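Encoded as structure tokens, the structure appears first; notes follow it.
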Amino acid sequence: MSLGTIGSGLDIPSLVSQLVANERAPKENQINNAGVAASAKLSSLGTIKSGMTSLQTALSALVKGVANPGIKASTPTESNFTAVIDTASTAGKPAAGTHEVEVRSLAQNQKLSSKAYEKDAVIGDGTLNIGYGEKNVSVTIPAGAKLSEVAAAINSAAGGKGVTAAVVTADDGQHLVLTAVDSGTKGALTVSTSGGNGGLGDLVHDAAGASKMTEMVAAKDAVVVVDGFTRTSSSNTVTDLVPGITLTLTKAEEGKKQTLTLTPDNSTLKTNLNAFISAYNSIQSTLKSSSAYNAETGTAATLTGDAMVRGLQQQLRSSLSANVNDMKTMGLTIAADGTLSLDAAKLDTAMAQNPEAAKSLFGAEGSIGKSMTALLKSNLDTTTGTITQRTNSLNKEIKALEKQLDDLDARMEKVSGRYTKQFTAMEGLVTQMQTASNTLSQQLANNSSKS
Numbered sequence: 001m002s003l004g005t006i007g008s009g010l011d012i013p014s015l016v017s018q019l020v021a022n023e024r025a026p027k028e029n030q031i032n033n034a035g036v037a038a039s040a041k042l043s044s045l046g047t048i049k050s051g052m053t054s055l056q057t058a059l060s061a062l063v064k065g066v067a068n069p070g071i072k073a074s075t076p077t078e079s080n081f082t083a084v085i086d087t088a089s090t091a092g093k094p095a096a097g098t099h100e101v102e103v104r105s106l107a108q109n110q111k112l113s114s115k116a117y118e119k120d121a122v123i124g125d126g127t128l129n130i131g132y133g134e135k136n137v138s139v140t141i142p143a144g145a146k147l148s149e150v151a152a153a154i155n156s157a158a159g160g161k162g163v164t165a166a167v168v169t170a171d172d173g174q175h176l177v178l179t180a181v182d183s184g185t186k187g188a189l190t191v192s193t194s195g196g197n198g199g200l201g202d203l204v205h206d207a208a209g210a211s212k213m214t215e216m217v218a219a220k221d222a223v224v225v226v227d228g229f230t231r232t233s234s235s236n237t238v239t240d241l242v243p244g245i246t247l248t249l250t251k252a253e254e255g256k257k258q259t260l261t262l263t264p265d266n267s268t269l270k271t272n273l274n275a276f277i278s279a280y281n282s283i284q285s286t287l288k289s290s291s292a293y294n295a296e297t298g299t300a301a302t303l304t305g306d307a308m309v310r311g312l313q314q315q316l317r318s319s320l321s322a323n324v325n326d327m328k329t330m331g332l333t334i335a336a337d338g339t340l341s342l343d344a345a346k347l348d349t350a351m352a353q354n355p356e357a358a359k360s361l362f363g364a365e366g367s368i369g370k371s372m373t374a375l376l377k378s379n380l381d382t383t384t385g386t387i388t389q390r391t392n393s394l395n396k397e398i399k400a401l402e403k404q405l406d407d408l409d410a411r412m413e414k415v416s417g418r419y420t421k422q423f424t425a426m427e428g429l430v431t432q433m434q435t436a437s438n439t440l441s442q443q444l445a446n447n448s449s450k451s
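Going by this note's numbering, the sequence shown opens with residue 1, and the numbers climb by one from there.
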């Protein structure tokens, strides 16, 4: 028989549980409510941190971008050259302006042809020594080799460097054609022979001496004149004659000057500015919603009245409002609701009038770039940042509340034991009294029956 079913008939476990629950509830509710509030603040703070980080990233890209303003290269219709911005240039950055370009000659790859041979004729054996630039490739030609086998041996030995060989069949027979891989005079070929039966002698070529091969295309350097400065190049790709620009020569017309025009290119600036504007408007919206108060419903947001949030709103607005006139000139305006917007046409006009306008505002030392960079760092620094410290504080608060719950569990366990002990003792006393009462009643009954 269980303890709760004898004596007074009380269900001691249920009674103890109810008493403990009633004693536990006020403190537990207090802790849980505090925990819910702290967790909600931590969540809102996380959203704010994310928005601030996005703004920091967008600002960083904008600051870096204005340090290297964009330049766009344009050439005339049917130009003799193309021009692209060379971001890897070591000669400096391109600057807006015009340049007169004259392409006098294009670089050519030398091409040599042997005399005509009958099909499958045996050429000879020995070694072909083919020079190009300061390098040389030696090709062993076995006895009985045909022209196609000579070409294959050259290609195998050269491995695509310096020279390529092919057999061309014309009306007069087969020709071995050697083509210089590298253009210009630096890539010009020389061919000499050694050993063998002398049959390879018809393949020798030396521009300065006796030659048995015919030069079908002469090795030729490119010559281009820009603003009166001449550049000779073994390649049709010329770098840094115009600082920061790579010219690719496509057609030679001596005496014909064409204009290369370099103008500011604001496309990257616009992209970076729009990203910054989007991030700025987003974080302002986040700060507003996290601290809002609905007067009609009497409902407060998670961080309503929070000093840190109010401070962030004010600091961000101040960074821009202090420069409102310069921003307006660049097409940047702040609406009545605090949102930022960009007029791209005004930006183009401002940059055309003053190429340094964006840098003076958003550069590393610019009035907005410098102050806002510092502002964001002071709040987001992983050690000393305001948001970081506030986040750490809330995490500590939540851990402390969890500890309070653990302590409450331990305390309530003791309370439960005390109540159980008290009610068990009471139950024992009641049982004793019931037993004594029953015994007395039985004795009285027996006395009555004897009378």
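Yeah, the Cβ is synthetic: ideal placement off N, Cα and C, and Gly gets one too.
Because the structure is a prediction, the values reported are computed rather than measured.
Subject >> Whole-angstrom distance between residue 346 and residue 331, CA atom to CA atom >> reply: The count along the sequence shown starts at 1 and reaches residue 331 at position 331. The count along the sequence shown starts at 1 and reaches residue 346 at position 346. Whole-angstrom Cα-Cα distance: 5 Å.
**OP:** May I ask which residues mark the beginning and end of the beta strand (DSSP E) holding residue 102?
**Re:** Within the sequence shown, the letter at position 102 stands for residue 102. Segment 97-105, the beta strand (DSSP E) holding residue 102.
Original post:
Would DSSP call residue 71 helix, strand or coil?
Top reply: Numbered from its first residue, the sequence shown carries residue 71 at position 71. If DSSP states are grouped into helix, strand and coil, residue 71 belongs with the strands.
**OP:** Would you check if the distance between the CB atom of residue 303 and the CB atom of residue 44 is smaller than 7 Å?
**Re:** Taking the first residue of the sequence shown as 1, we reach residue 303 at position 303. Taking the first residue of the sequence shown as 1, we reach residue 44 at position 44. Yes. Within cutoff.
Original post:
In chain order, what residues of the same chain have a beta carbon less than 7 Å from the beta carbon of residue 348, not counting five sequence neighbours either side?
Top reply: The residue labelled residue 348 in the question sits at position 348 within the sequence shown. Counting only Cβ-Cβ distances below 7 Å, and skipping sequence neighbours, we find 266.
Subject >> Own chain, CB closer than 6 Å to residue 470, minus 5 neighbours either side, in chain order >> reply: Summary: the structure shown does not reach residue 470, with the chain confined to residues 1 through 451, and so no result is reported for it.
Original post:
Apart from the five residues on each side of it in sequence, which residues of its chain come closer than 6 Å, Cβ to Cβ, to residue 371?
Top reply: By 1-based counting over the sequence shown, the position of residue 371 is 371. Result list for residue 371: 319, in chain order.
Subject >> For residue 117, the first and last residue of its enclosing beta strand (DSSP E) >> reply: Residue mapping note: residue 117 aligns to position 117 of the sequence shown, counting from 1. Where residue 117 is concerned, there is no enclosing beta strand (DSSP E), given that its DSSP letter is neither H nor E.
Original post:
Which first and last residues belong to the beta strand (DSSP E) in which residue 84 is found?
Top reply: The sequence position of residue 84 within the sequence shown is 84, counting from 1. Residues 81-85.
**OP:** May I ask you to verify whether the region 51-65 touches the region 213-227, counting CB pairs closer than 8 Å and requiring at least 3?
**Re:** no
Original post:
Can you give the Cα-Cα distance for residue 317 and residue 378, rounded to whole angstroms?
Top reply: Taking the sequence shown and counting its residues from 1, one reaches residue 317 at position 317. Taking the sequence shown and counting its residues from 1, one reaches residue 378 at position 378. The straight-line gap from Cα to Cα measures roughly 16 Å.
Original post:
Opposite residue 215 in the DSSP bridges: which residues?
Top reply: Walking along the sequence shown from the start, residue 215 turns up at place 215. According to DSSP, which records beta bridges pairwise, residue 215 is partnered with 112.
Original post:
Taking the alpha-carbon positions, what's the residue 186 to residue 234 distance?
Top reply: By 1-based counting over the sequence shown, the position of residue 186 is 186. By 1-based counting over the sequence shown, the position of residue 234 is 234. Cα to Cα, the separation comes out at about 6 Å.
Original post:
Would you say residue 91 and residue 243 are within 7 Å of each other, going by their C-beta atoms?
Top reply: Reading the sequence shown from its first residue, position 91 is the one you call residue 91. Reading the sequence shown from its first residue, position 243 is the one you call residue 243. Yes, the pair counts as a contact, with Cβ atoms nearer than the cut-off.
Subject >> Host alpha helix (DSSP H) of residue 328 (start-end) >> reply: For the purposes of this step, residue 328 is taken as the residue at position 328 of the sequence shown. Taken as a continuous stretch (DSSP letters only), the alpha helix (DSSP H) holding residue 328 covers 324-329.
**OP:** Report all residues from its chain with a CB closer than 7 Å to the CB of residue 253; omit the five preceding and five following residues, and keep chain order.
**Re:** Start at 1 with the first residue of the sequence shown, and residue 253 comes out as number 253. Hits under 7 Å: 80, 103.
Original post:
For the region 213-276, which segments carrying the beta strand (DSSP E) assignment without a break, of at least 3 residues, lie completely within its bounds, in sequence order?
Top reply: 214-217, 222-226, 229-233, 237-239, 245-249, 257-265
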